[in-house]
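This report refers to the structure that appears directly beneath it.
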Amino acid sequence: MKILIVGGNGTIGKKVSQHFSEKHEVITGGRDSGDVIVDITDSKSIKAMFETIGKVDAVVCAAGEAKWAEFSSMTEEDFYIGLKSKLMGQVNLVRIGKDYINPGGSFTLSAGILADHPVALTTSAAMVGGAIHSFVKAVSLELENSIRINVVSSGLVEDAVDKYEAYFPGHNPIPMKKVVNGFVKSVQGKGNGEIIRMYDNC
Ligand SMILES: NC(=O)c1ccc[n+]([C@@H]2O[C@H](COP(=O)([O-])OP(=O)(O)OC[C@H]3O[C@@H](n4cnc5c(N)ncnc54)[C@H](OP(=O)(O)O)[C@@H]3O)[C@@H](O)[C@H]2O)c1
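Everything in the sequence shown is counted per the numbering used here, starting at 4 for the first residue and increasing by one.
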């Protein structure tokens with residue numbers, strides 16, 4: 004398979020890229036890093052990326068940002084960061100990418116545990132995560148040519164513990180192998196419209 008992994012050099016993306024590179028052709032994308040340069044907040048950049056790389060069998064997104072801050076300090080502009088990047092960035096990847104994906108191909112987006120179990124400071128990140136879950140369920144009903152779409156929603160991953168542990172009291176970090184398997188299940192399984200939750204019930 005020819006697999007595009009946007010965010011393929013990030014904390015999660017690099018482990019996902021390493022895994023799929025063993026048996027597949029992987030193209031990584033990012034704003035400053037990767038085989039192809041793309042900014043998912045910009046539709047023209049997404050279109051230019053697909054024109055450069057051509058048709059693919061799978062699109063994986065392990066990218067997307069949202070502002071973490073106290074709700075009382077969040078401005079309207081602060082919320083637009085998550086809406087433009089993590090939410091519409093991924094929606095536009097599907098909206099534009101559907102014309103560049105081979106029949107039977109798949110999209111795999113990223114959300115996270117916050118959609119179901121938010122912690123303090125995450126009104127924006129949790130909100131867009133929930134929206135991505137709903138988007139995936141809805142758009143899976145309409146994608147043509149047997150193209151599937153799923154979303155991987157992981158808990159705090161082991162490789163990001165140093166950065167985020169303080170925000171997740173009592174959470175059990177998710178082993179990287181388990182997170183990678185969420186992406187494998189989406190890309191190589193037959194599921195469609197699934198929210199692949201990679202965390203214990205908490
Ligand atoms: N870390 C966790 O524990 C965890 C858990 C659940 C869900 N998630 C979610 O999973 C996703 C990846 O998390 P991560 O921890 O791996 O993040 P990360 O380490 O910050 O990596 C993100 C990657 O995405 C790329 N990227 C960021 N913004 C982009 C944009 N606008 N256009 C194109 N590429 C962009 C970055 O590369 P460039 O800088 O080169 O663009 C980077 O390679 C995020 O949406 C995150 O919220 C993370």
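Glycine is no exception: its CB is placed at the ideal position from the N, C-alpha and C atoms.
Short note on SER88: C-beta closer than 7 Å to some heavy atom of ligand 1.
Within the segment 51-106, complete alpha helix (DSSP H) segments of at least 4 residues are found at 79-85, 91-100, given in chain order. In this structure ALA61 is not in contact with LYS89, their Cβ atoms being roughly 20 Å apart against a cut-off of 8 Å.
The beta-carbon separation of VAL19 and VAL63, rounded to 6 Å, stays under the 8 Å limit for a contact. The straight-line gap separating the alpha-carbon atoms of TYR170 and SER46 is approximately 32 Å.
A distance of 8 Å or more separates the beta carbons of MET201 and GLY133.
The closest CA to that of VAL139, considering only VAL122, VAL41, SER113, is found on SER113. Within 7 Å of the C-beta of VAL39 there is not a single heavy atom belonging to ligand 1. The bridge partners DSSP lists for SER156 are ARG200. Setting aside the 5 residues that flank it on each side, LYS26 has no residue in the same chain whose C-beta is closer than 8 Å to its C-beta. DSSP, read as helix, strand or coil, puts GLU161 in helix. When DSSP states are grouped into helix, strand and coil, GLU147 belongs to the coil group. Between ASN148 and THR111, the C-beta spacing is not below 8 Å. Remark: C-beta atoms of ILE43 and LEU96 approach each other more closely than 8 Å. Look at VAL39 here: in three-state DSSP terms it is strand.
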